[in-house]
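Residue numbers (numbering that gives the first Met the number 0): 0 to 730.
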Amino acid sequence: MWFVDQQTGTLSVTMQPEDLPVRLSSTQSGDEQRLRLVVEAAPNAMLMINASGIIVLVNTQTERLFGHERSELLNRHIEMLLPERYRGRHVGLRTNFFAQPVTRFMGEGKELFGLRKDATEVPVEIGLSPVESDGEWHVLASIIDITERLRVDKVRRATRDDVFRQLILDSLPFSTIATDINGQILTANPAADRLLGYDRHELVGKSALVLHDTKELKLRAAELTEPGLEPIAANYQVIVKSGSQGMADEREWTYVRKDGSGVPVNIAITSLRDDAGNVTGFLKVAYDITTRKRAENYIRHMAHHDALTGLPNRALLMDRLEMAIRQGQRHARQAAVLMIDLDHFKRVNDSLGHQIGDQLLLTVAKRLQGRIRDIDTVARLGGDEFVVVLNEVSGRETLTALINDLAALISDTMLIEGHELAVTPSIGGCLFPDDGVDAGTLLKHADAAMYQAKAIGRSNFQWFDNAMLRATEEKLALGLALGHAIERNELTVHYQPEVSISDRQVVGMEALVRWSNPMRGEIEPDRFVPIAEESGLILTLGEWVLRKACRECVEIQRELKRMVSVAVNVSPRQFQQKDWIATLVNAIAESCITPSCLELEITEGMLMENPEESARKLHQIRKLGVKIVVDDFGTGYSSLSYLTRFPIDKIKIDRSFVRDLATDAADAAVINAIIALAKSLNIRVIAEGVETEQQHSYMFERGCDEAQGFLYGAAVSSTAFAEAVSCIESN
Ligand code: C2E
Ligand code: MG
Ligand code: MG
């Protein structure tokens, strides 16, 4: 049967499976005539061929479609209407078709083309229906030109893709900007607008140059000409690396926002190409790396700066110093290194707490930084150590004023959380190239000079000279020798009598360690105790003194046939040690000393370090029956009333107050106040360093309980102690 498709307007001849093929015969010429009419009236091209492939019938639409006259088509092979490439195969198909004639459609889903007279091709779909005419099989072909349908399909598909693409683009979290070859912006997605602070579509039409910092483009020009990088355009030199798959490499860049501010981005630029492979533009996908950058910068900053003051740390200082050296070498100029250490800073830290100590360091840092030039460097090495590197220096003399200024600035009183504080600096300096030509040596030499400044009484300045090196080396050697001192029996403990002021009776003694080295002779505890503190050796040394003092005290008591106390100095390191109380208990047990005869001398600083923990420990010690004495009282910053928080039995007024008693009214006033307050708090007072009768009388008049000093006797060995006692008491 045939019918006209309402939708496409084409005539189709179809057969249902159960349908019989259309049969036309000359006897039924009415049928054939009707077929001709129908075919002619069909809105699409139709033609009929016989089993040999000869065209026997065409309609006007066929003429129109192929551009041939009817006469040019009739009696010709159907293959003339096919492009050359189909022809051979088509003959075979045709033969097969006639062997088993059934209705078929061709061209649906795959491309099929007809050949026009002008040699152009036309996309078609073909319906084939077998028709029996005059007892012979024919095929009626219905040919539909699908050019328009393909076009519409393509447009529809393209539109769908576009919408899809736009959707993706709009929802992408990355700034995505497409430009033409000249860097003119063609599209920008909302993420780009957001990142750059533009309103929607505002970027379109602008030059992508507005997104860049000209300075950066210039600065990184070298990067732009790397081999393998091709310039986007002459005036727009942000570069693309077109990898093998057209993939762009990622690089860090700065985008400039509408408001002029910069934002660090990671950017990947891909070139857009047309079908012929020519670059037509660029796609720039970028994302904000501010957070990452900030983290990186922070880490970099932390690696090079001191967390408290923000000043360069040792690593950066070394860099700067090396730079100064290189510049000095190039321009034959000098540079200076100053090592600054604050005197007695530890006391501030210990007595007022780290927070105030930190504030003090911060103030010093600011003051130093405010005084130096931009080309100079102030660094903090840690603790209370600062280093100043001065560039382009001409001689030591020219620096005197600056160094005095720095010292004055540091020494200037500062008010921190209600405390009026003053610290003085000890400064050591050295010069490049005179005192060293590398950073390590210069620092070492400035350090040696600073130690010298401290050694000769602090609060002063010293230029480096080679003799100072020996002092530092000496210190190291001393530390090494001290390590062997105990096992080699070089240490002893001497005892200095402590007397009751009212009757000059010996009531106790202070245990003081002594070191006698075969090579070096007698070494002062003021020299080696700090070294032992630094190295940690004080733990072994302290325990050894404690045990020995307990044992020898018992022996002395036996000899004197009366109770005397022994005061043992305890260093901060020992006091902080966890199992120190156990050490103490052992020493008592092993010596059988009456615990109340044992006094422990601690300093104010040790209490302030960690007040709660200190109080807990002191109470534990007190429970054992052992007494607690605060040594060197008055040199710290703590007030007596602060000390009431701790269980204290006695305070020992520092010998510096006693020494200046006669000449310094302020010292006398301090002593008066200490004694008066201690009495009211029921704490005993002992004066240290009493050398004269005058000092003794003063203490006696103020009501001081005990005294210790050369007036009564210096420290002696345990075996000589009883003799010293009888000497004092017989006077
Ligand atoms: P310190 O605990 O303040 O000891 C008192 C110091 O003053 C002793 O110095 C003593 O000899 C000295 N001295 C006593 N009377 C007078 C006097 O009338 N005039 C003067 N100018 N000085 C006097 P030494 O023995 O040189 O000890 C110095 C410091 O070494 C001690 O000061 C103490 O801090 C430390 N030390 C000594 N032995 C030990 C120890 O066994 N362990 C610990 N941790 N430190 C110790
Ligand atoms: Mg002492
Ligand atoms: Mg003392």
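Idealized CB from N, CA, C, for every residue including glycine. From a predicted model like this one, the values you see are computed outputs, not experimental measurements.
Rounded C-beta distance between residue i and residue j? I'm assuming under 8 Å.
i              : j                 : result
arginine 379   : aspartate 287     : About 34 Å; that fails the 8 Å criterion.
valine 347     : phenylalanine 173 : In fact, because the Cβ distance is near 54 Å, the residues do not count as touching under 8 Å.
glycine 427    : methionine 338    : 5 Å
leucine 430    : alanine 335       : 5 Å
valine 628     : leucine 599       : 7 Å
isoleucine 184 : lysine 205        : 5 Å
leucine 583    : isoleucine 620    : 7 Å
serine 570     : isoleucine 537    : 5 Å
leucine 80     : phenylalanine 65  : 6 Å
aspartate 631  : lysine 649        : In fact, because the Cβ distance is near 13 Å, the residues do not count as touching under 8 Å.
isoleucine 324 : aspartate 437     : 7 Å
isoleucine 298 : isoleucine 355    : Contact flag wrong, Cβ pair sits at about 30 Å.
leucine 202    : isoleucine 176    : 7 Å
For a test of your reading of the model: does the CB of residue i fall under 6 Å from any non-hydrogen atom of ligand 3? Yes or no.
i             : result
glutamate 687 : yes
aspartate 648 : no
aspartate 502 : no
Straight-line CA distance for residue i to residue j?
i                 : j              : result
threonine 178     : glutamine 165  : 16 Å
isoleucine 307    : aspartate 357  : Note on residue identity: the sequence assigns leucine, not isoleucine, to residue 307. Each residue's Cα considered, the two are about 7 Å apart.
glutamate 705     : glutamate 692  : 14 Å
glycine 196       : isoleucine 402 : 51 Å
alanine 568       : tyrosine 494   : Checking the sequence shown, residue 568 turns out to be asparagine, not alanine. Going from the Cα of asparagine 568 to the Cα of tyrosine 494 covers about 12 Å.
glutamate 472     : glutamate 249  : 55 Å
aspartate 117     : arginine 199   : 51 Å
valine 209        : valine 255     : 7 Å
glycine 126       : arginine 156   : 26 Å
arginine 701      : threonine 602  : 23 Å
tyrosine 697      : leucine 408    : 39 Å
threonine 731     : leucine 367    : Past the edges of the chain, shown from 0 to 730, lies residue 731, and the structure says nothing about it.
phenylalanine 281 : alanine 267    : 10 Å
asparagine 465    : alanine 480    : 23 Å
alanine 98        : threonine 279  : 56 Å
glutamate 131     : serine 70      : 24 Å
serine 655        : histidine 343  : 15 Å
valine 565        : glycine 633    : 22 Å
Which same chain residues end up closer than 8 Å to residue i when comparing Cβ atoms and leaving out the 5 residues on each side of it in sequence?
i             : result
alanine 731   : With the chain represented from 0 up to 730, any question about residue 731 goes unanswered, as that position is not in the structure.
serine 393    : Arg332, Gln333
leucine 710   : Val689, Glu690, Thr691, Glu692, Gln694, His695
aspartate 732 : Shown here, the chain extends from 0 to 730; a query on residue 732 therefore has no answer.
Between the beta-carbon of residue i and the beta-carbon of residue j, is there less than 7 Å?
i              : j              : result
valine 684     : isoleucine 674 : yes
alanine 448    : valine 492     : no
isoleucine 371 : asparagine 390 : no
isoleucine 54  : leucine 46     : yes
serine 425     : lysine 453     : yes
glutamate 120  : proline 82     : yes
cysteine 734   : isoleucine 592 : Given that the chain is displayed from residue 0 to residue 730, the structure contains no residue 734 and the question cannot be resolved.
aspartate 169  : proline 189    : yes
glycine 712    : alanine 723    : yes
glycine 541    : glutamine 573  : yes
glutamate 608  : aspartate 349  : yes
threonine 186  : aspartate 212  : no
leucine 341    : aspartate 383  : yes
glutamate 489  : serine 458     : no
asparagine 58  : valine 37      : no
Is residue i near ligand 2 - that is, is its Cβ less than 6 Å away from at least one heavy atom of it?
i              : result
glutamate 600  : yes
aspartate 630  : yes
asparagine 568 : yes
Looking only at its chain, what residues have a beta carbon closer than 7 Å to the beta carbon of residue i, apart from the 5 residues adjacent to it on each side?
i             : result
proline 594   : Ile587, Leu623, Gly624, Val625
arginine 319  : Pro311, Thr376, Val388
arginine 658  : Gly688
serine 725    : none
valine 544    : Val492, Ala510, Val512, Val567
aspartate 434 : Leu441, His444, Phe463
Mind checking whether the beta-carbon of residue i lies closer than 6 Å to any heavy atom of ligand 1?
i                 : result
phenylalanine 645 : no
glycine 456       : no
phenylalanine 574 : no
aspartate 525     : yes
glycine 712       : no
glutamate 690     : yes
glycine 708       : yes
leucine 511       : yes
Apart from the five residues just before and just after residue i, which ones in its own chain have a Cβ nearer than 6 Å to its Cβ?
i              : result
methionine 413 : Thr362, Leu420
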